[in-house]
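There are 2 protein chains.
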Amino acid sequence: MIFSNLVVKKDEPIYLQIEKHIKQGIKNGELKKHSKLPSTREVSKFLNISRNSVISAYEELESMGIIITKRGIGTFVLIEGENENYEYNVDYIERINAYGDTLKKFDIVKSELPYKKGMISFKSISPESHLFNLDDFKRSFLDAWAYEGANLLNYGYAKGYKPLIDYFLEYMKEKQINTINKDILITNGFTEAFDIVISSLTNKGDTIICEEPTHNTALKIMKAYGLNIVQVKMDKEGLNIKSLEEALSNHNPKFGYLIPSYNNPTGIVTKTERRKEIYKLFRKFSVPIIEDGFNEELLYTSSPIDPIASLCGSGNGVIYIGSLSKILFPGLRIGWILADDKLVDILESVKRGKNIHSSFLDQSAFYYYLKSGAFNRYVKNVRKYYRDKYNLVVNLVEKYIPYEYITGEGGLHIFVKLKNNLDARKLLDLCYKDNVLFMPGDIFYENMQNTSKFITGNDTFRIGFGRVTDEDIEKGIKIIGKNIRLLTKA
Amino acid sequence: MIFSNLVVKKDEPIYLQIEKHIKQGIKNGELKKHSKLPSTREVSKFLNISRNSVISAYEELESMGIIITKRGIGTFVLIEGENENYEYNVDYIERINAYGDTLKKFDIVKSELPYKKGMISFKSISPESHLFNLDDFKRSFLDAWAYEGANLLNYGYAKGYKPLIDYFLEYMKEKQINTINKDILITNGFTEAFDIVISSLTNKGDTIICEEPTHNTALKIMKAYGLNIVQVKMDKEGLNIKSLEEALSNHNPKFGYLIPSYNNPTGIVTKTERRKEIYKLFRKFSVPIIEDGFNEELLYTSSPIDPIASLCGSGNGVIYIGSLSKILFPGLRIGWILADDKLVDILESVKRGKNIHSSFLDQSAFYYYLKSGAFNRYVKNVRKYYRDKYNLVVNLVEKYIPYEYITGEGGLHIFVKLKNNLDARKLLDLCYKDNVLFMPGDIFYENMQNTSKFITGNDTFRIGFGRVTDEDIEKGIKIIGKNIRLLTKA
Numbered sequence: 014m015i016f017s018n019l020v021v022k023k024d025e026p027i028y029l030q031i032e033k034h035i036k037q038g039i040k041n042g043e044l045k046k047h048s049k050l051p052s053t054r055e056v057s058k059f060l061n062i063s064r065n066s067v068i069s070a071y072e073e074l075e076s077m078g079i080i081i082t083k084r085g086i087g088t089f090v091l092i093e094g095e096n097e098n099y100e101y102n103v104d105y106i107e108r109i110n111a112y113g114d115t116l117k118k119f120d121i122v123k124s125e126l127p128y129k130k131g132m133i134s135f136k137s138i139s140p141e142s143h144l145f146n147l148d149d150f151k152r153s154f155l156d157a158w159a160y161e162g163a164n165l166l167n168y169g170y171a172k173g174y175k176p177l178i179d180y181f182l183e184y185m186k187e188k189q190i191n192t193i194n195k196d197i198l199i200t201n202g203f204t205e206a207f208d209i210v211i212s213s214l215t216n217k218g219d220t221i222i223c224e225e226p227t228h229n230t231a232l233k234i235m236k237a238y239g240l241n242i243v244q245v246k247m248d249k250e251g252l253n254i255k256s257l258e259e260a261l262s263n264h265n266p267k268f269g270y271l272i273p274s275y276n277n278p279t280g281i282v283t284k285t286e287r288r289k290e291i292y293k294l295f296r297k298f299s300v301p302i303i304e305d306g307f308n309e310e311l312l313y314t315s316s317p318i319d320p321i322a323s324l325c326g327s328g329n330g331v332i333y334i335g336s337l338s339k340i341l342f343p344g345l346r347i348g349w350i351l352a353d354d355k356l357v358d359i360l361e362s363v364k365r366g367k368n369i370h371s372s373f374l375d376q377s378a379f380y381y382y383l384k385s386g387a388f389n390r391y392v393k394n395v396r397k398y399y400r401d402k403y404n405l406v407v408n409l410v411e412k413y414i415p416y417e418y419i420t421g422e423g424g425l426h427i428f429v430k431l432k433n434n435l436d437a438r439k440l441l442d443l444c445y446k447d448n449v450l451f452m453p454g455d456i457f458y459e460n461m462q463n464t465s466k467f468i469t470g471n472d473t474f475r476i477g478f479g480r481v482t483d484e485d486i487e488k489g490i491k492i493i494g495k496n497i498r499l500l501t502k503a
Numbered sequence: 014m015i016f017s018n019l020v021v022k023k024d025e026p027i028y029l030q031i032e033k034h035i036k037q038g039i040k041n042g043e044l045k046k047h048s049k050l051p052s053t054r055e056v057s058k059f060l061n062i063s064r065n066s067v068i069s070a071y072e073e074l075e076s077m078g079i080i081i082t083k084r085g086i087g088t089f090v091l092i093e094g095e096n097e098n099y100e101y102n103v104d105y106i107e108r109i110n111a112y113g114d115t116l117k118k119f120d121i122v123k124s125e126l127p128y129k130k131g132m133i134s135f136k137s138i139s140p141e142s143h144l145f146n147l148d149d150f151k152r153s154f155l156d157a158w159a160y161e162g163a164n165l166l167n168y169g170y171a172k173g174y175k176p177l178i179d180y181f182l183e184y185m186k187e188k189q190i191n192t193i194n195k196d197i198l199i200t201n202g203f204t205e206a207f208d209i210v211i212s213s214l215t216n217k218g219d220t221i222i223c224e225e226p227t228h229n230t231a232l233k234i235m236k237a238y239g240l241n242i243v244q245v246k247m248d249k250e251g252l253n254i255k256s257l258e259e260a261l262s263n264h265n266p267k268f269g270y271l272i273p274s275y276n277n278p279t280g281i282v283t284k285t286e287r288r289k290e291i292y293k294l295f296r297k298f299s300v301p302i303i304e305d306g307f308n309e310e311l312l313y314t315s316s317p318i319d320p321i322a323s324l325c326g327s328g329n330g331v332i333y334i335g336s337l338s339k340i341l342f343p344g345l346r347i348g349w350i351l352a353d354d355k356l357v358d359i360l361e362s363v364k365r366g367k368n369i370h371s372s373f374l375d376q377s378a379f380y381y382y383l384k385s386g387a388f389n390r391y392v393k394n395v396r397k398y399y400r401d402k403y404n405l406v407v408n409l410v411e412k413y414i415p416y417e418y419i420t421g422e423g424g425l426h427i428f429v430k431l432k433n434n435l436d437a438r439k440l441l442d443l444c445y446k447d448n449v450l451f452m453p454g455d456i457f458y459e460n461m462q463n464t465s466k467f468i469t470g471n472d473t474f475r476i477g478f479g480r481v482t483d484e485d486i487e488k489g490i491k492i493i494g495k496n497i498r499l500l501t502k503a
C-alpha cells in the first residue's frame, strides 16, 4: 500500500500531502506506470482523513495527466518514474529443463487441432455431463458438510480421507484383490497416481514395458522422466504373449504398465485367461506390474473380469491404480493407488512433498456419494446409455469407413485402423475443414513425432463418443467416410 | 467376479455347480485364502438363479471348512489352493530413488514427535477451524453449484477456473504488481506451486539462495531434486544485505527463494526499504526470485507492505507464489503462481502432466466465497483474534523463557532463540513428557540432521499458537520455562 509510509502532518493541506506522496512514489519507482491506486474511500479510511481531501488530490493529479480514473474500474498511474528503472528480465524458456520441455512438447491439448464451437468432436473420451446425477451429489456434499464441517477445510492427511480409503479397500476386496499387507493412497486422479509411482520408483534410462498402443498421458509422463519405453504389440485379445516374453527377457524392465480393463486407445478388454498368462510372465521375470483399472466399471460387453491385481494374492507384485472419475466427475480429480503397505507409506511422503494432500472436501463429498448407492445407480444408468451409443458408432463405422479392423468392446471410445495405410492426419486435416474432429492414433505410439520415416499407428484413429449426440455421430462418421473417399481417389 | 465364467447347466443341481465352481476357483488360485465371496443375493441376481441354491452351496462349503460366513461382514475363503502359488514379491523399498528417499527422510510428519490427544501443541501453524465462517462457505458452494452445475464435475482446464484466475490477477494488481505480460496458474496450494517451478526450472546441482532459517517444506523439495541450498543469514529486518551480496557473487545461483512477508519460522516481516535493497541485489546479478507470499494477508503489526514482485514493474524477474489457504481453508489446497506469461504457458503443461488440473468444484466455491466479500470479513475478524493471541504469547515467553531473542511480528507463530545454546531437542524431550509439543528449529536449517557436529539452529524453536487456547498457551509456556530451568541446573 503506497500510503503505508505516509505520516500525515498537521501544518500542510492534506490533499497536497497526498498529491506529493503519489508523485514521489512514481518518481522513486514504488508506483509503476499502469499500476492501480487504492480508491479514495480506501485511502480516507486507511489514513483516517476526509474523503474529500483524497478526491481533490486525485483530481489535481488527473488534471496534470499523471493519473487517470476509469469509472467503475479504478484509478491508474499514467506515467513512468524518471530516475530509476527497477525492472529486469530473465529468459525462462531457455531455462526450462528436459522434464518441463517434454511435458510441453507432448501436451496434446496444445499440439493437436483444437475444438471450436459448433464442431462435431470425437476427440474427447470424457463422460457426458448431463448424465451426472447432480441432486445426488449435492446431497452428498451436504451430508459431508453436516458430518465433518470445519474439519474438511483445515489440513487433512496426505494418505487421504479415512472413510474413503476404507471404502476403496472394501471395493478392491469385492474385485477379489487380497488387501492384507496392502494399503491405499488417495491421489488427484490417475495422472497423479502414475506420476507418484514413476517419480519415486524409476531412474532415468530405466525401461518400462507397456502395450502398443497405450495411454498417451502415461507415455508423456514416462518420457518426461527420461524412461526407455518398450511397447509390446497387442492382438485382439490383449498383449501378445510371445512378444511380451521376448520383451521381458531382452530388456530387463523395471515395470510393466498395463491397461487390461479397456486399453486406451484400442478399447480392447483382456479376458481372464490372457490376464493370467500375462501375469505369469511378469512373475516369471519378477517384474512388478502397474495396473491401470481404466473404466473397469463400464464393462458391458462381457461379465465382470477381476483385475490382474487379484491374481497376486498376498504378494505385492501388482500396483493397482484406480479412478472412478474417468466416468464420473473427472473435475473432482479423485483416484487411488493400492499397493504394498510399506510402499504406500513412502508414496504418502511423496504425495506430501508434491501437494500435501488431495482436497478433503471433495474426498468427503465423494465418499458420501459412493456410500449412498448413488454411484451404483449412476453406473447402471450410463452403461445402458453408452452401450447404445457404442452400438450405433460401430454400425456406422462398419457402414461408412473402409477399415482394416475396429477394436473396442465398449467404454467411451473405439479405435479404427484404416485400409491401405491411409494417413489419419491427412484425413483429420480434411475433416477439420468440415468441422469434424477425432484423435489421430500416432500419439499412442512411443515413436510418435519421431524423425524416423516409419511411424507406427499413423493409419489409426480413436473415436470418442461419450459426449456426441446420436445425430452428430451419424453426421460426423459420414463426413469421415466422405473424406476417405476423397483421399483414396487423389 | 468369480462367477463370470460359470455357465449354468440344466442337467445338474445348481447348488452343486456353484459348490464345484468355488472349489475349482480356490484350487486354480482364482479365489485366494481370505478373499471375500459375493453375497448370496448378488450371486443369485448375477446368475439369475434362486437364492436358496446359493445359500445351500455356501452352507455345504462352510460345513467342509472351506469358507466361513461372518454375520454382517461377508463370506470368506478359509483355505489355500494346492496346486499353484500365484504370488510374487518385489522389494520396492530398495527400488525407491533419491527423490522418494529424500521426501520420506525429511517428512517431518513421520520423523518428529507426534501429537497425542490431550497434549498442548505449539507444533502446528494451522489456522483455528472454529473461526472459519462456515455458513458463508456453504452459501458460496451453493452459488457455484447454481451457476456452474455439471461443468464443475467434468474435466476443466489445467490453468484453472477462469473467474478465479481473473480474481487473483485483480488481487495482484491491488498489491501494486504490474500484471501486463504476466499470467496465473492455479495450483494445489503453495507446495504444488513450488514443486512445479522447481521441477521445471532447475537441474540437479543447481544452487538456490534462501533465507536462514526457511520453510522446511521448501528445503525438503529442493533437497529432493538434488539442489545445492545456500542459506543466507537474517537479521531482525530480514536477509542480511552484505551476506546476500557475498552469496550472490560466490555461488552463481539459479534462483532466490524468499519469504519476505512472514519468514517461516522466524516470523520476521521484511519492510519496504530492505525489500528494495534485496531486490536490487538480485537484479544486479540477474537472478530471478521466487517470492513466497506466505500469510501476507495477516500482517497486523504494521501497515500493508507491497510484495517484492511489485518492484519489478513490467519485468519478469520475480515469480510470485500466493496461497490464501495458509490462513483460510488449507484443506481445499488452492494457491497460485503469478509469472511471465510465456513461462506460465509451460508450467500449465507441467501441471497437466502432474495431475491434469485442480478441483474445479473447490476453485469455483472458493471464487464465490472471495467474491462475496466473506474473505475480507474473515480476515478482519481473525486478524484481531490472532493479534491478541500473539501479544499473549510474546508476554508469556518474555516472562517465563530465558531467550537470546524472540522474532515474529504476528502471523500464527513466533520463533525463540534460547540462551546459552540450550539444546531445543533436549528441551522438547522433557516437555513431551509433560504433554507439551513445539517445533524444534533445526528443521529450518539446511544442515539439519547433518553428521557434522555443529548444527545451526539447534538452540531455536517455533511456537505456533493459532489453535491453542489462551489457557493452554499460559500452561504450556510455563511448562517449557520449568523444563529450561531443569536443563540449566543439570
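Order-wise, the sequence lines are chains A and B.
First residue of the first sequence? That's 14 in our numbering, and the numbers climb one at a time after it.
First residue of the second sequence? That's 14 in our numbering, and the numbers climb one at a time after it.
Just so you know, even glycine gets a beta-carbon here, dropped at the ideal spot from N, CA and C.
Note that this is a predicted model, so its numbers are computed, not measured.
By the Cβ test, the stretch 202–221 of chain B is not in contact with the stretch 374–392 of chain A, since fewer than three Cβ pairs between them sit closer than 8 Å.
For G335(B), none of the residues of chain A pass the 7 Å Cβ criterion, the least Cβ distance being about 15 Å.
Using a Cβ-Cβ cut-off of 7 Å, C223(B) does not count as an interface residue toward chain A, since no Cβ of chain A sits closer than that to its own. Three or more beta-carbon pairs separated by less than 8 Å link the stretch 162–174 of chain B to the stretch 371–381 of chain B, which places the two stretches in contact.
Shown here for Y71(A): same chain residues with a beta carbon closer than 7 Å to its own, the five before and five after excluded, namely T53, I80, T82 and T88 in chain order. With contacts defined as CB atoms closer than 7 Å, R365(B) and A171(B) qualify as a contacting pair. Counting the other Cβ atoms within 10 Å of the Cβ of S323(A) gives 16 or more, which makes it buried. When DSSP states are grouped into helix, strand and coil, L91(B) belongs to the coil group. For K49(B), DSSP records a beta bridge to F89(B). For secondary structure counted as the alpha helix (DSSP H) over 4 or more consecutive residues, the stretch 403–481 of chain B holds these complete runs in sequence order: 437–446. Close to chain A, meaning a Cβ-Cβ distance shorter than 7 Å, are the following residues of the stretch 71–104 of chain B: Y99, E100, Y101, N102 and V103. Take the alpha-carbon of G454(A) and the one of I476(A): they are about 10 Å apart.
Contacts between D196(B) and chain A, judged by CB atoms closer than 9 Å, are missing: the closest CB pair is about 12 Å apart.
Ranked by Cα distance from G169(B), the first of E43(A), N191(A) and S137(A) is S137(A). Using a Cβ distance threshold of 7 Å, V392(B) and E310(B) count as a contacting pair. If you check each beta-carbon in the stretch 107–120 of chain B against every beta-carbon of chain A, the ones closer than 7 Å belong to R108, I109, N110, Y112, G113, L116, K117 and D120. At a Cβ-Cβ threshold of 7 Å, V429(B) and F474(B) count as neighbours. Contacts with chain A at 7 Å (Cβ-Cβ) do not include N433(B). For the stretch 174–190 of chain A, the beta-carbon criterion of a distance under 9 Å to any beta-carbon of chain B is satisfied by E183, K186, E187, K188, Q189 and I190. Your pair V282(A) and L261(A) does not check out as a contact, with CB atoms roughly 22 Å apart and the cut at 8 Å. When 7 Å is used as the limit between beta carbons, I318(A) is near these residues of chain B: S17, in chain order.
When the five nearest sequence neighbours on each side are left out, the beta carbons in the same chain lying within less than 6 Å of the beta carbon of K49(B) are those of G87 and F89, in order along the chain. The C-alpha of I39(B) is placed about 12 Å away from the C-alpha of Y99(B). Only those residues of the stretch 155–170 of chain A whose C-beta falls short of 9 Å from the nearest C-beta of chain B are listed: L155, W158, G162, A163, N164, L165, L166, N167, Y168, G169 and Y170.
The beta carbons of K289(A) and N308(A) sit about 21 Å from each other, so the pair does not count as a contact at 8 Å.
Fewer than three beta-carbon pairs drawn from the stretch 392–409 of chain A and the stretch 231–239 of chain A are found closer than 8 Å, and the two stretches are therefore not classed as touching. In the same chain as I190(A), and ignoring 5 residues on each side of it, the C-beta atoms closer than 6 Å to its own belong to A322 and S323, in chain order. Here the alpha carbon of P343(B) sits roughly 46 Å from the alpha carbon of K297(A). Judged by their CB atoms, A378(A) and S142(A) are not nearer to each other than the 7 Å cut-off. For D208(B), at least one C-beta of chain A is nearer than 7 Å to its own C-beta.
Taking all protein chains in view, the Cβ of P26(A) is surrounded by fewer than 16 other Cβ atoms within 10 Å, so the residue is classified as exposed. In the structure shown, L356(B) falls within a helical segment according to DSSP collapsed to helix, strand and coil. With contacts defined by Cβ atoms closer than 7 Å, D472(B) and L500(B) do not form a contacting pair.
Under the DSSP assignment, T200(B) falls in the beta strand (DSSP E) whose first and last residues are K195 to T200. Between D219(A) and E224(B), the alpha-carbon positions lie close to 37 Å from each other.
Within 8 Å of the CB of C325(A), the CB atoms of chain B belong to Y99, E100 and Y101, in sequence order along the chain.
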